[in-house]
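J.:
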Amino acid sequence: MTAIQRIKQKFFESQVWRSIFRHGYPDTRRNQSLAVLSNVFLHLHPVSVRKSGIRLSYTWCMGGISFFLFLVLTVTGVMLMFYYRPTAEFAYNDIVQLREDVAMGIMRELHRWGAHAMVISVWLHMYRVFLTGSYKPPREFNWAVGVILLKLTLLLSFTGYLLPWDQLAIWAITVGTNMARATPGAGHEGPFSSMIKLGDIPLLHSGSDVRFALLGGRFVAAPALLRFYVLHCVGFPLIAGVLMAVHFWRVRKDGGVSGPL
Amino acid sequence: MAEHDVFSYVPTWAWQPKFFFPILSLLFFIVIWNDRLIRFLVKPATALTVLAVATIIFCLGLKNPTFRAIVSKGDNIPIVMMLLLVGFFTWLALRRGTLNDDRIAQGLKPMEEDEAHQKVMVWPDLVYIEFICLILISAGLLVWSLAMKAPLEQPATRVDTPNPSKAPWYFLGLQELLVYFDPWIAGVLLPGIVIGGLIAIPYIDNNPKGQGYYTLRERRFAISMFLYGFLILWVVLINVGTFLRGPNWNIFPLGDVWDVHKIEVLNNVNLSEYFWVLGMGQPLPAHWFVRELPGFILVGGYLVLGPAILAKTLFKKMYQELGFVRYSILVMLFLLMLSVVLKMVLRWSFNLKYFVAIPEFFFNI
Ligand code: HEM
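Chain order of the listed sequences is L and Z.
When you number the first sequence by this note's numbering, it's gap-free, plus one each residue, and the end is 262.
When you number the second sequence by this note's numbering, it's gap-free, plus one each residue, and the end is 371.
This is the structure in C-alpha cells:
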C-alpha cells in the first residue's frame, strides 16, 4: 500500500467521515442505494428509476432546471437583500451602487437573467408535460399544482420587476396593475362596480378597490414598493417553496416520471 | 428607412397583425392536421434549413439600427432565446411524435416503451445527468451575466410617462389583447380562464392514449388546441407586443423608425350602432337594454346555441366520448378561445368595437 492509499483509507475510515456518510464509496448496488437513501437531498429521488424517464429527449430536464434556477434566485436574492433598501428614498441608489461600486459584481445580473430563464424553463416544462400526456391520471392533481407554480413564477418575476425603482419598473407595474382597476365587482372601474353603493355613496372608488389594496395607494408609489418587496422576498417564495415540496412529493407518489403504461 | 435592409423587402401591410395573424392561424391548423406536411416539416433537413434561413435573416437584420436597438435591449434577450427554445422543442416533440405514430401504425410500440421496463440506479445515472445540467446552466448564466449588465433606466418619476409603456415581456400577449378588449376582459377574465382552463385539462381530457410518450395522431385535437393557444395566442402575441408595437401602441414594420407623432385614426363602431343606425336607419334606442339587445342575442346565441350545434355536428364524437359535463366545459373553453380570435378578426375587418357596450356599468364586451 502506498502512502497516498494509506492516507485515503485513514480519511474515509475516520470517525468524522463516517459520521457524515454512513456508507462506503457508491460503486456497489448497496452503497449506491444507501447514497440516495441516507441523504436528505438526494432522497427526493427513489433509489432506482425507469430508464425512459431520465432521457433528456423525454423530460428535457426542464423541471429540474426550473428548480435549480429557483435555488439560484433564492441565493442571489438573499445576497441582494444585504444591500437593497425597499424605500423610495434609497431603492434606486442602492441599485446604482450595486452596479457602479462592486467590482465584477454580477449578483443582480444573475438574479435578473436567472428570473427570465426560469419563466422560460417553467413554460417549457409545462409544454413537455402536456406533449407527453403526463397530466393524465394519476397525475391530474400534480398538473394543477404545477399551474399554480407557473402563476407564482410569473408573480415572483412581476413583483421583482418593480424593485429597481426606475422608469422601466414603475411603468411596467403601472400598466400591469391598471388591470386590477377593472376587476368585476372589486375594482372601481370594473363592470357593475358602480352598483355597489350605499344610498348615493359609492363604496368602490379609487381609494377602496383591489388595486388600492395591492398598491397601498392610488399610484405605484412608496407603499407599493414595500408591498411588492415583502411579497417578492417573503410571501411568494414561501408559497412556491411549499408547493414545490408538494409537487416533488407527488411526482414520486404518482409513480415517478411518466412512461408508457 | 430608405436604406435597404432585409426588412424593407417586406411590404408595409404584411407587418400588420390583421394580415399575418389569420394566415399564421390557418397555416398552423393546415400543418397540424396534415400528416404528410408535418412529416416533411419535422425532417431534420427541413428544420435545419428553417433555422439557417431564420438565422441569416436575423443577422442581416442586425444591420438595421432600430431592430438592433430592440433585440439588444436586456429584457428582450429572453424573447429571442425563448423563440429558439420553443422552436427547437416544438420540433423535437413533433418529430418524436410523428416517429412514434409511424411505429404504432406498423404495430410497434412507441420508442419510449423499450426503456420503460428497464430500471437504472439514481446514483450514478440520474445524479450524473442532473450534475451536468447544473454545471451547464450555471456556466451559461455566468457568461450571460458577465457579458450583459442588467438594465437600469432613469429613476422612477410620475411626471414622465414613457411612450410606449410596456408590461414585462411575459405579459405582452395580454397587453396586446387590450387593443381588442376592455381591461376587465384582457386583464382579469382571460387570464383567469387561462389558469382555470389549464387546471381543467386533465379532468376534461379522458382520452387514455398518449400517456408517457410523444404522439400526435392519438391526441390530435388536444395537442392542436394547446399548441394553438401557446404558440399562436401566447408566443406570437408576445412578439407582436415586443417587436411591432411602438409609440401610441401603433404597429411599426420591423426596422422602421419609431415615430412618436404617427397617428392612426381609429373609428371603431359598436354592434348596436351597426344594427340600429346603419341597419334599421333609426337613432339608438334610449334604454341600454333595448339598445344592446342585438348584442345580447348574438353573444347569448353563440354561448348557448354554439355548444348545442357543435355537439350535433363537428364535435359529435367528442360529445359522446366526454359526456355532458366534460363536454360543456371543453366547448366553453373552446368557444371562448375562438371568440378572442373572432373579435380580433371582426375588429380588423369591420372596425367592430363592442358586441355589447353598456358604459353605464363599465360593461363592454
Ligand atoms: C416552479 C415550477 C416547477 C418546478 C420547479 C417543477 C419541477 C418538476 C420536476 C423536477 C419534475 C420531475 C420531472 C421533470 O423534470 O420533468 C416535475 C414533474 C411534473 N411537473 Fe413540474 N415543476 C414546475 C412547474 C410545473 C408546471 C407549470 C406544470 C404544469 C402545468 C407542472 C406539472 C408537472 C407534472 C404533471 C409532472 C409529472 C410529470 C411526469 O410524471 O412525467 N410542473 N416538475
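We put the beta carbon where it would ideally sit given N, CA and C, even for glycine.
Keep in mind the model is a prediction, meaning the values are calculated, not measured.
1) Please return the same chain residues whose Cβ sits closer than 6 Å to the Cβ of Leu-227 (chain L), not counting the five positions on each side in sequence.
2) According to DSSP, simplified to helix, strand and coil, what is Ala-363 (chain Z)?
3) Using a Cβ cut-off of 8 Å, pull out every chain Z residue sitting near Ser-158 (chain L), in sequence order please.
4) Residues of chain Z with a CB under 7 Å from the CB of Cys-234 (chain L): which are they?
5) Return the Cβ separation of Leu-180 (chain Z) and Pro-197 (chain Z) in integer angstroms, given the expectation that the two are a contact with Cβ distance under 8 Å.
6) With Met-180 (chain L) as the anchor, note down where its alpha helix (DSSP H) starts and where it stops.
7) Over the uninterrupted alpha helix (DSSP H) stretch that includes Lys-9 (chain L), give me the two end residues.
8) Measuring alpha carbon to alpha carbon, tell me which residue in Z:Leu-352, Z:Ala-314 and Z:Val-165 is nearest Gln-168 (chain L).
9) Count the other CB atoms within 10 Å of the CB of Phe-15 (chain Z); is the residue buried (16 or more) or exposed (fewer)?
10) Is Asn-274 (chain Z) near ligand 1, judged by its Cβ being under 6 Å from some heavy atom?
11) Please classify Phe-369 (chain Z): does DSSP put it in a helix, a strand, or coil?
12) Just mark Gln-10 (chain L) as buried or exposed, buried being the case when its beta carbon has 16 or more other beta carbons within 10 Å.
13) Have a look at the DSSP bridge pairing and note the partners of Ser-49 (chain L).
14) Using 7 Å as the limit for Cβ to Cβ distance, is Tyr-84 (chain L) near chain Z?
15) If the cut is a Cβ gap below 7 Å, which residues of chain Z does Val-79 (chain L) touch?
16) Beta-carbon of Ala-173 (chain L) versus every beta-carbon of chain Z: anything under 7 Å?
17) Using 8 Å as the cut-off, can you tell me whether the region 144–164 of chain Z makes contact with the region 28–37 of chain Z, which would need three or more C-beta pairs spanning the two stretches below that distance?
18) Within a Cβ cutoff of 8 Å, which residues of the same chain sit near Gly-115 (chain L), ignoring the five residues on either side of it in sequence?
19) Excluding sequence positions up to five away, which residues of its chain have a Cβ less than 7 Å from the Cβ of Val-48 (chain Z)?
20) Rounded to whole angstroms, what is the Cα-Cα separation between Phe-187 (chain Z) and Arg-109 (chain Z)?
21) If contacts are defined as beta-carbon pairs under 8 Å, then Trp-129 (chain Z) and Pro-27 (chain L) qualify, I think. What distance do you get, rounded to the angstrom?
22) Looking only at its own chain, which residues have a Cβ that is under 6 Å from the Cβ of Arg-219 (chain L), when we skip the five neighbours before and after it?
23) For Gly-80 (chain Z), I'd like the list of residues in its chain whose CB is within less than 8 Å of its CB, leaving aside the five on either flank, ordered along the chain.
24) If I follow the unbroken alpha helix (DSSP H) through Asn-106 (chain Z), where does it start and stop?
25) Nearest CA to the CA of Ile-38 (chain Z): which residue from Z:Val-133, Z:Phe-302 and Z:Phe-227?
26) Mind checking if Asp-210 (chain L) is an interface residue toward chain Z, Cβ cutoff 7 Å exclusive?
27) Determine which residues of the region 94–109 of chain Z have a Cβ less than 9 Å from any Cβ of chain L, and write them out in chain order.
28) How is Ala-257 (chain Z) classed by DSSP in three states: helix, strand or coil?
29) Taking the straight line between their C-alpha atoms, what separation do you get for Asn-213 (chain Z) and Leu-150 (chain L)?
30) So, do the region 57–75 of chain Z and the region 110–118 of chain Z have three or more beta carbon pairs nearer to each other than 8 Å?
31) Using alpha carbons as the reference points, say which of Z:Val-337, Z:Ile-201, Z:Gln-124 and Z:Asn-254 lies closest to Pro-261 (chain L).
32) List the residues of chain Z whose Cβ lies closer than 7 Å to the Cβ of Ala-145 (chain L), in chain order.
33) Below 8 Å CB to CB, which residues in the same chain sit around Leu-215 (chain L) once its five sequence neighbours on both sides are set aside?
34) Say the cut is 6 Å; is the CB of His-117 (chain L) nearer than that to a heavy atom of ligand 1?
35) At a cut-off of 6 Å, would you count Phe-68 (chain L) as near ligand 1, judging by its Cβ distance to the nearest heavy atom?
36) Would Ser-39 (chain L) and Arg-23 (chain L) be called neighbours here (beta carbons separated by less than 7 Å)?
T.: Let me lay it out:
1) What you label residue 227 (chain L) is simply residue 226 of the first sequence in a count that begins at 1. Closer than 6 Å at the Cβ level, and outside the excluded window around Leu-227 (chain L), lie Pro-87.
2) On the second sequence, position 357 is the one that residue 363 (chain Z) refers to. Strand, per DSSP.
3) The residue labelled residue 158 (chain L) in the question sits at position 157 within the first sequence. Those within 8 Å of Ser-158 (chain L) in chain Z are Pro-174 and Tyr-176.
4) Numbered from 1 along the first sequence, position 233 holds the residue referred to as residue 234 (chain L). In chain order: nothing, as chain Z lies at least about 17 Å away.
5) By 1-based counting over the second sequence, the position of residue 180 (chain Z) is 174. By 1-based counting over the second sequence, the position of residue 197 (chain Z) is 191. Indeed, because the Cβ distance is near 6 Å, the residues count as touching under 8 Å.
6) Counted from its first residue, the first sequence places residue 180 (chain L) at position 179. No alpha helix (DSSP H) contains Met-180 (chain L), which DSSP labels as neither H nor E.
7) Taking the first sequence and counting its residues from 1, the one referred to as residue 9 (chain L) is at position 8. Run containing Lys-9 (chain L): 4–13, per the alpha helix (DSSP H) assignment.
8) The residue given as residue 168 (chain L) occupies position 167 in the first sequence. When only C-alpha atoms are compared, the closest one is Z:Val-165.
9) Numbered from 1 along the second sequence, position 9 holds the residue referred to as residue 15 (chain Z). It is worth fixing the name first, because residue 15 (chain Z) is Tyr in this sequence and not Phe. Flag for Tyr-15 (chain Z) reads exposed.
10) Here residue 274 (chain Z) refers to the residue found at position 268 when the second sequence is read from its first residue. No.
11) Residue mapping note: residue 369 (chain Z) aligns to position 363 of the second sequence, counting from 1. Strand at Phe-369 (chain Z).
12) Translated into positions along the first sequence, residue 10 (chain L) becomes position 9. Classification of Gln-10 (chain L): exposed, given that the 10 Å Cβ count is below 16.
13) As a position in the first sequence, residue 49 (chain L) is number 48, starting the count at 1. Answer by DSSP bridge pairing, in chain order: Z:Met-127.
14) Within the first sequence, residue 84 (chain L) is the residue found at index 83, counting from 1. No, its Cβ sits nowhere closer than 7 Å to a Cβ of chain Z.
15) Counting from 1 along the first sequence, the entry for residue 79 (chain L) is found at position 78. Within chain Z, no residue comes near Val-79 (chain L); the closest Cβ sits about 17 Å away, beyond 7 Å.
16) Counting from one through the first sequence, the residue named residue 173 (chain L) turns up at place 172. Chain Z, which has a Cβ nearer than 7 Å to the Cβ of Ala-173 (chain L), makes this yes.
17) no
18) By one-based count along the first sequence, residue 115 (chain L) stands at place 114. So the list reads Leu-70, Val-73, Leu-74 and Thr-77, once near-sequence residues are dropped.
19) Indexing the second sequence from 1 puts residue 48 (chain Z) at position 42. Answer for Val-48 (chain Z): Trp-97, Leu-100, Arg-101 and Thr-104, listed in chain order.
20) To locate residue 187 (chain Z), count along the second sequence from 1; it is residue 181. To locate residue 109 (chain Z), count along the second sequence from 1; it is residue 103. Distance between the alpha carbons of Phe-187 (chain Z) and Arg-109 (chain Z): 46 Å.
21) On the second sequence, residue 129 (chain Z) is found 123 positions in, with the first residue counted as 1. On the first sequence, residue 27 (chain L) is found 26 positions in, with the first residue counted as 1. Confirmed, about 5 Å.
22) Start at 1 with the first residue of the first sequence, and residue 219 (chain L) comes out as number 218. For Arg-219 (chain L), where only same-chain residues beyond five positions count, the Cβ hits under 6 Å are Ser-207.
23) Residue numbering aside, residue 80 (chain Z) sits at position 74 when the second sequence is read from its first letter. Closer than 8 Å at Cβ, skipping near neighbours: Met-154, Lys-155, Ala-156 and Pro-157.
24) Taking the first residue of the second sequence as position 1, residue 106 (chain Z) is located at position 100. Start and end: 83–111.
25) Here the question's residue 38 (chain Z) lines up with position 32 in the second sequence. Closest option to Ile-38 (chain Z), Cα to Cα, is Z:Phe-227.
26) Translated into positions along the first sequence, residue 210 (chain L) becomes position 209. Asp-210 (chain L) does not count as touching chain Z.
27) Phe-95, Thr-96, Leu-98, Ala-99, Leu-100, Arg-102 and Gly-103
28) As a position in the second sequence, residue 257 (chain Z) is number 251, starting the count at 1. Correcting the residue identity first, residue 257 (chain Z) is Ile in this sequence and not Ala. Ile-257 (chain Z): strand per DSSP, three-state reduction.
29) Counting from 1 along the second sequence, the entry for residue 213 (chain Z) is found at position 207. Counting from 1 along the first sequence, the entry for residue 150 (chain L) is found at position 149. Each residue's Cα considered, the two are about 25 Å apart.
30) no
31) Translated into the one-based positions of the first sequence, residue 261 (chain L) becomes position 260. The candidate whose alpha carbon is nearest that of Pro-261 (chain L) is Z:Gln-124.
32) Translated into positions along the first sequence, residue 145 (chain L) becomes position 144. Under the 7 Å cutoff, chain Z gives Ile-205.
33) Taking the first residue of the first sequence as position 1, residue 215 (chain L) is located at position 214. Excluding residues within five positions, the ones whose Cβ falls inside 8 Å are Thr-178, Ala-181, Ala-225 and Arg-228.
34) As a working mapping, residue 117 (chain L) is identified with position 116 in the first sequence. His-117 (chain L) Cβ: outside cutoff for every heavy atom of ligand 1.
35) What you label residue 68 (chain L) is simply residue 67 of the first sequence in a count that begins at 1. Yes, ligand 1 has a heavy atom inside 6 Å of this Cβ.
36) Looking up residue 39 (chain L) in the first sequence gives position 38. Looking up residue 23 (chain L) in the first sequence gives position 22. Yes, these two residues count as a Cβ contact at 7 Å.
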